[in-house]
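As C-alpha cells, then:
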C-alpha cells in the first residue's frame, strides 16, 4: 500500500468522522466545560486579563511611530499568554478531579 493510498484513506475516514459528529453533543460538552470553569472560578483569570487590557494604554508608548502595531502586538501576546494560562489551570484542576470521580476511563 502506497503512502498516497494510506493518506487518502485516513483523510476519507476523518471526513466521515466529522460528518458523523453531532453538533448537539459538541455544544453540550462545550457548555459543560464553561460551567465547570465558572464553578472553579477560572473567570477570575478573564477579569485579570480585562484589567490588563484596560490599563495597557498607561504602559504603552502612544508617541511611537507605529502605535497601532504596538497595541496589536500587545493584545495578541497577552491573548496567547491568557490561553496558555487557562489551558494550564483547567488541565491541572480538571484531570485530578476527573480521575478522583472516575469520569475518565483509561484506554
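Numbering (our numbering), first residue to last: 261 to 367. Every residue, glycine too, gets a C-beta built ideally from N, C-alpha and C.
Practice task
Please classify residue 302: does DSSP put it in a helix, a strand, or coil?
Solution key: coil
Problem - Nearest-angstrom Cα separation, counted from residue 261 out to residue 290 - result: Approximately 39 Å between the Cα atoms of the pair.
Problem - Backbone CA spacing between residue 285 and residue 274 [nearest angstrom] - result: C-alpha separation (whole angstroms): 18 Å.
Exercise for the section: Within its chain, find whatever has a CB closer than 7 Å to the CB of residue 346; leave out the 5 residues flanking it on each side and keep chain order. Expected result: 302, 305
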